[in-house]
Every structure is written in C-alpha cells, then in structure tokens.
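Structure record follows, encoded as structure tokens.
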Amino acid sequence: MNGDDRAHINWQADASGAATMHCSGAWTVRGIQQLESALDTLAWPGEQQLVLDASGIVTLDTSGAWLLHRTLQMLQQSGKSVILQGMQPGFNTLLQLVAARATGAGHELPARKGALDRLGRMAWKWLQDMVGMFAFVGEISIVLLHSLLRPARLRWRPILYNLQTAGFEALPITGLLSFLMGVVIAYQGADQLQRFGANIYVADMVGFTMLRELSPMLTAIIVAGRSGSAYAAQIGTMKVTEEIDALRTIGIVPHELLVIPKMLALMIALPLLTVFSDMAGLFGGMIMASTKLNISYGVFLDRIGDAVNLSSFLTGVVKAPVFAVIIASVGCFQGFQVSGSADSVGRQTTMSVVHSIFLVIVADALFSLVFNWLKI
Amino acid sequence: MSTGAQQVDAVIDIRKLHTSYGAAVVHEDVSLSVRKGETFALVGGSGCGKSTLLRAIIMLLRPDSGSIRVFGQEVIGLNDEQALPLRRRWGVMFERGALFSALTVAENVAMVLREHTQLSPRLINEVVALKIALTGLPASAGNKYPSELSGGMRKRAALARAIALDPELLFLDEPTAGLDPFSASGIDELVQSLHQALGLTIMMVTHDLDSLWRVADRVGVLDSGRILGVDTMEELAQAEHPVIREYFYGPRGRAAQEQTWKKR
Chain A
100 MNGDDRAHIN WQADASGAAT MHCSGAWTVR GIQQLESALD TLAWPGEQQL
150 VLDASGIVTL DTSGAWLLHR TLQMLQQSGK SVILQGMQPG FNTLLQLVAA
200 RATGAGHELP ARKGALDRLG RMAWKWLQDM VGMFAFVGEI SIVLLHSLLR
250 PARLRWRPIL YNLQTAGFEA LPITGLLSFL MGVVIAYQGA DQLQRFGANI
300 YVADMVGFTM LRELSPMLTA IIVAGRSGSA YAAQIGTMKV TEEIDALRTI
350 GIVPHELLVI PKMLALMIAL PLLTVFSDMA GLFGGMIMAS TKLNISYGVF
400 LDRIGDAVNL SSFLTGVVKA PVFAVIIASV GCFQGFQVSG SADSVGRQTT
450 MSVVHSIFLV IVADALFSLV FNWLKI
Chain B
67 MSTGAQQVDA VIDIRKLHTS YGAAVVHEDV SLSVRKGETF ALVGGSGCGK
117 STLLRAIIML LRPDSGSIRV FGQEVIGLND EQALPLRRRW GVMFERGALF
167 SALTVAENVA MVLREHTQLS PRLINEVVAL KIALTGLPAS AGNKYPSELS
217 GGMRKRAALA RAIALDPELL FLDEPTAGLD PFSASGIDEL VQSLHQALGL
267 TIMMVTHDLD SLWRVADRVG VLDSGRILGV DTMEELAQAE HPVIREYFYG
317 PRGRAAQEQT WKKR
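Residue numbers (the working numbering), protein chains in the order written: chain A, 100 to 475; chain B, 67 to 330.
Okay, here's the thing in structure tokens:
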C-alpha cells in the first residue's frame, strides 16, 4: 500500500454555504477500524449542501465501500444533499455494486433468550427425548424379536467383533479397578472390625458389597464410558456422513446392523465382566485382609464360602444384562439423535454417557427395592 | 515466464516443484505462474495432482523441493507466524465448503472478521450481510446452519467466507463440482462479477468445461504431474497434444465450446 494505510474523513465549510468533505487514505477492512469509531462522534457540517470529495481514496474494498455507502445514506436521511465527486471509476463500480446488493441493516442477531424461555425449551427437549427414547426401545424390541425368530438372520460377525471390543478388551481396566475397589473396602473396614475383634467379618463385608452391588455397577459404569460413548460417536458420525441413509437405500435396516449386534454382545459380555470383577474384587480384599488383619488366604476363602450364598452372587449377575440393555440402547439412541454437525456428535456422545450412568444407578436402586420386597 | 517484468507481475510463481506421497510422485518439475488480476484455471483428469498443487500453494502441504512464491514471498518452509500476513491476503473456498457446522452462515463469515479486525460488532454484522448478499444468497440464509443449506447455497456461503477480508487472491477448489447446471452457471457469474468488481486474482481448480470457457483468462493443463500447456482456452483448443485434445474435444468438451461460441 502506498502512503497512508488508514481511512480519513474531514470537512471544511466554504463561503458559498456548502461544505466539502475530503475522504482519503485506504478505505479497506483494515484501514477503516479507527474511522468507524470516529464516525459516530464526528460533528457533521451544518450546511445543507455537501460535497464529498473522494479523490483522496487510495484503495477501496467492499467493507470500505459499505462504510462509505452507509455514511452517504445517513447524511441523506438527515435531509442533506450530498454530491459525490472525484471517485475513481473503478471504485465507483464497486460502490454501485455494494449499493445494489445492500439489503439494509444486516442480519438480525438472534435475540437473547430469557430464563423462562430457556427453561421451557429445556423441558420440551427433555420430554421429546423421553418420548424418542421410548419409541426407540420399541423399535429395537420389534427388530430384536424378528431377529430372534430367525436366528439365521442374526449378524454373528459384528456380534463377535463387539464381544471382543466391548468385552474382552475391557478386561484389564475392569480387573484393575475392581481389585482396587476390593482393597479399599477391606482397608476401610479393617479398622472398624479390629475394634470389635471381628476381623474375620472382613470377608463378609467385601463379599457382599462387591458381589451384590459394586461389581455390577462398577462394570456397567466402565462399559458405559468405554463402549456406550463409542456407540454414540460411531452411529452419530455415520449419520453425519449419510451412511445411515445409504444403509436404508441398500435395504438394510440400520437398527438390525448397528444396534442389535451391539446390544446382544453387551448382554453377553457384561455378566461375564461382572463375574470377572467379582473375582478381582475378592482377590483385592483377600490380599488386604492378609496384610492388614493377618487373615490367611485359606481362612478368607473358607469364610467367603460360608457367608456369601449363591443368591447374593446371582442378584449381582442378574442385573448385568439389564444394565447392558440400558447402555446399548442409550448409546445407540443418542447416536441416532445426532443432527448434521460435528458439534452435535460431541454433545450426544457426552449425553449418552451421562444418561446411561444415570439410568444404571436408577435401575440398581429399583433392583434393591424389588429384592428387598422379595426378601432375597 | 521468460522476462523479468512479468515475474514482478506474477502473484503466484511456482518453480520446479516436486511433490510425492511416499513412492507415488504427484508433481514432477511443475513450473507455473499466475498474473495479477487474471482468472487462472488449473485443469486435468482426476488424480493428476491439481488439488495437491493448490494445497501446496496455500501451505497445507509441504512439497519435496522447488519454490512457490506468492506475492513475491517464498511460502515453502514458513511457520504459522510468518504465514499469517500472507494468509490474510488470500481467501480459500474448499471443494465441499468446509463451513464450520456448529456456526450459522453469518457466524462463519463473521468469525474471520472478528479474528482479524477490530471492527465494531454492528459494522461486522453489516459487512457480513453485505458479503452474503454479494454471493447471491438470500438474507435469510445468514441465520441458517450449513446442514440446512443445499449444495449450491453451501458453496455460495463458503465463497462469502472466503471473501470476508476482501482478499487480493482467491483460491477456488472445484467451485462448480456437484452442482446442477443452473447453480453452476450462477457460481460462474458470481466469480466473474466478483473478479470484475473487486479486481481479484483468482486461481481455480476445476473440471467444468463450461466454467473454463466462461470465466478463465488462462488455463493450465496438468497431466500425471506435469504441466502440458498454459494458455487461453482458444489457443489450447488448437493445441496438438493428444491429452489436451482428448480433454477439450471429448463429446462434452465440444458441446461446451459450441455453446460458448453461440453465446458470442
């Protein structure tokens, strides 16, 4: 840019009752920054006849042309007559183009919504989500029924693949966390039990809490975070790239290919993981009991056999398939809820984890109520 | 370019460019220059390295050797900080728009202005509306999200974002690909009118023969990593090279040519 790279405007009155305004410099998107704020406070000449001398303008782009156009309009609206002169022909074309395309004030910015409005929208969205979720579960049930009636149509390859990714590959993390959980329970209990000389009951404590409550819940939460989120992200991305639509046009029911295998695989994998978690938890408790309370492994295991009956083990394991259904259906449902944008994939994935953990805990509480009622 | 005077005029000057992906050689000894104020089109069959060349010029990809000068400055090996002043002087429109899906069209355009200028929100808003109007989109499109737009509208929105800062140089990657003939000719007219009104230098990559006849001042033909010829369409149409002849004299090429002559 030669010379001045900022836009200027200044004016002087002459004797004949007309005022001349001189525009100069670079009227470009970078040049007009100071000018824009100066324009608001500029004292315009009082004369009715104005001459706008644009011969000093070195460069002009659309943003500059817009500002010039806006200024001219503002002056004309305040009842002055403005004569534009000295404009380079090229700049004139641009100014005319801008004037012709200008639609007025620009886009209305989306209005800031009130708290009540937001609350209403949230409630409505929540309700829609609920209804959608029920509809989805219904759809899945029908597809699942069809698949189970004709087992030949089941897609075994994706089921086995999901068994591996959601089940087998989750073994190390589930095992480690359950082991640590067992250690923590035994450690926390040890002090209290020692006070009453009831050291041996540490086995009851670890056994009951792990088998009945913590193992199924811990496993479900790990799987919801590991696999539920992956389901949502996978299906969501497929929706964005129109792969779901492509499946439909090929004549494959998307639910049959994308949801049923995941759900069946999780229903198999989650109980198995829960049993593995039971074992790891007991192992952790056993090690802690022997180091902190001097209870040998043999004594610990004997006590477990006496204290923890089969029904305690089964009440834990029986929850797992239910949790599996919750995780798979929430993850897949949120995946199908994705609309259009990359942002949406992230949002629904987060939602899938939050919702499935929430529902798993609610379901666990319901199980407790029912078991209590049945006196198991 | 043979003379020194023309080199000064060149907005983009590519010398002896070599690019390869692993063992696959994409460009071999490509030399090319784009003059100030012209509309330059790069053509060639699929996979001949057109888009790769474009990506090399806009610093998304680093070639193996050679030199690319844009506005007289070597771009190969620039870091992000050094590249910023250059990047502000050009606009890029990607083949599939590459609009930010979480933002509305108006926000997409405004984002560029907010990032690089200190204009007031009001003026940004007005300039955004103007850019959207310049690309021929209805004002209502500004508040829509990219996923709610048709393919042609999305390209226009992408163009509005590319011209947000009034760049001196505009890169268009397949501006008319995937559009119906009506929308495609709308984009052609748009490019032409922007070129005339704003005095832009435009470099486009295209397959569209109609576009070539209508908007391109000069055309470069790229085939298997080499430049076969750079000339006006009229001259290229006379060329003897078999690949060029096949390209321009296939059934579709002839139709596009006849149509243009009828118009003239």
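All C-beta atoms, glycine included, are put in the ideal place defined by N, C-alpha and C.
Outcome for residue i when other beta-carbon atoms lying within 10 angstroms are tallied against a minimum of 16
i, result
"Lys82/B", "exposed"
"Tyr211/B", "buried"
"Gln91/A", "Past the edges of chain A, shown from 100 to 475, lies residue 91/A, and the structure says nothing about it."
"Trp165/A", "buried"
"Thr348/A", "exposed"
"Val230/A", "exposed"
"Tyr330/A", "buried"
"Asp344/A", "exposed"
"Ala199/A", "exposed"
"Tyr313/B", "buried"
"Met280/A", "buried"
"Glu301/B", "exposed"
"Glu341/A", "exposed"
"Phe190/A", "buried"
"Glu181/B", "exposed"
"Gln433/A", "buried"
"Ala89/B", "exposed"
For residue i: DSSP bridge partner residues
i, result
"Asn109/A", "His121/A"
"Asp152/A", "His121/A, Gln184/A"
"Gly295/B", "Val287/B"
"Tyr87/B", "Ala90/B"
"Ile78/B", "Val100/B, Val136/B"
"Phe105/B", "Going by the sequence as given, residue 105/B is Thr instead of Phe. Ile268/B, per the DSSP bridge assignment."
"Phe237/B", "Val158/B, Met269/B"
"Leu134/A", "Bridge partners of Leu134/A: none, in fact."
"Trp126/A", "Leu159/A"
"Ser131/B", "His84/B"
Pick from the options that is closest to residue i, judged by C-alpha positions
i, options, result
"Leu400/A", "Gly384/A, Arg129/A, Thr348/A, Gly415/A", "Gly384/A"
"His354/A", "Cys122/A, Val128/A, Ala302/A, Leu253/A", "Leu253/A"
"Leu260/B", "Leu196/B, Phe248/B, Pro247/B", "Leu196/B"
"Arg162/B", "Ile80/B, Leu150/B, Ser216/B", "Ser216/B"
"Pro241/B", "Ser206/B, Gly208/B, Arg188/B, Ala282/B", "Ala282/B"
"Ala142/A", "Ser162/A, Ala118/A, Gly124/A, Leu159/A", "Ala118/A"
"Leu193/A", "Ser162/A, Leu215/A, Gln175/A, Arg446/A", "Ser162/A"
"Leu149/A", "Gln175/A, Gln187/A, Leu369/A", "Gln175/A"
"Lys361/A", "Ile182/A, Cys431/A, Ala297/A", "Cys431/A"
"Lys418/A", "Leu465/A, Gly281/A, Ala269/A, Ala153/A", "Leu465/A"
"Gly266/A", "Val305/A, Met366/A, Thr414/A", "Met366/A"
"Ile321/A", "Ile272/A, Leu371/A, Ala302/A, Ile359/A", "Ile272/A"
"Leu421/A", "Ser440/A, Thr318/A, Ile182/A", "Reading the sequence as shown, one finds Val at residue 421/A and not Leu. Comparing Cα-Cα distances from Val421/A to each of Ser440/A, Thr318/A, Ile182/A, the minimum goes to Thr318/A."
"Val109/B", "Met159/B, Val141/B, Arg128/B, Val271/B", "Val271/B"
"Met186/A", "Leu215/A, Arg217/A, Ser154/A", "Ser154/A"
"Phe106/B", "Leu189/B, Gly218/B, Arg280/B", "Arg280/B"
"Phe375/A", "Ser389/A, Ser410/A, Val416/A, Gly350/A", "Val416/A"
"Thr267/B", "Met299/B, His307/B, Arg284/B", "Arg284/B"
"Glu214/B", "Phe160/B, Ala168/B, Lys116/B, Gln184/B", "Ala168/B"
Rounded separation between residue i and residue j - CA only
i, j, result
"His107/A", "Leu171/A", "15 Å"
"Tyr286/A", "Met387/A", "6 Å"
"Gln139/B", "Ile124/B", "12 Å"
"Ala223/B", "Val175/B", "8 Å"
"Gln293/A", "Gly219/A", "55 Å"
"Met100/A", "Leu225/B", "Note on Met100/A: pLDDT 39, under 50, position unreliable in the model; the coordinate value appears next. Cα to Cα, the separation comes out at about 25 Å."
"Gly132/B", "Gln263/A", "49 Å"
"Ser123/A", "Val157/A", "7 Å"
"Gly237/A", "Leu244/A", "11 Å"
"Trp126/A", "Glu147/B", "26 Å"
"Phe457/A", "Asp463/A", "10 Å"
"Asp130/B", "Thr85/B", "5 Å"
"Phe237/B", "Lys212/A", "39 Å"
"Ser68/B", "Ala76/B", "Bear in mind that the predicted position of Ser68/B carries a pLDDT of just 41, short of 50, making it unreliable; the figure below should be weighed with that in mind. If you take the alpha carbons of Ser68/B and Ala76/B, they lie about 12 Å apart."
"Val309/B", "Ser249/B", "29 Å"
"Thr448/A", "Ala323/A", "11 Å"
"Ala71/B", "Arg135/B", "A caution first: Ala71/B carries a pLDDT of 43, below 50, which makes its placement in the model too unreliable to give a value."
"Gly252/B", "Gly265/B", "19 Å"
"Leu150/B", "Asn109/A", "33 Å"
beta-carbon residue i near the ligand ATP non-hydrogen atom, thresh 7 Å
i, result
"Tyr300/A", "No copy of the ligand ATP occurs in the structure displayed, which carries no ligand at all."
Counting only runs of 4+ residues fully inside the segment 266 to 300 of chain A, write out the alpha helix (DSSP H) ranges in chain order. Taken in chain order, the complete alpha helix (DSSP H) segments of 4 or more residues contained in the segment 266 to 300 of chain A are 270 to 294.
Could you give the uninterrupted runs of the alpha helix (DSSP H) lying entirely in the segment 134 to 174 of chain B, keeping only those of 4 residues or more? Considered as a whole, the segment 134 to 174 of chain B harbours 146 to 155 as its complete alpha helix (DSSP H) runs of no fewer than 4 residues, in chain order.
At which residue ranges does the segment 258 to 290 of chain B contain complete beta strand (DSSP E) runs of 3 or more residues, listed in the order of the chain? At a cut-off of 3 residues, the continuous stretches assigned as beta strand (DSSP E) that sit fully inside the segment 258 to 290 of chain B are 267 to 271, 284 to 289.
Those runs of the alpha helix (DSSP H) which lie wholly inside the segment 365 to 445 of chain A and span at least 4 residues: If one requires a minimum length of 4 residues, the alpha helix (DSSP H) runs lying completely within the segment 365 to 445 of chain A are 396 to 406, 409 to 435, in chain order.
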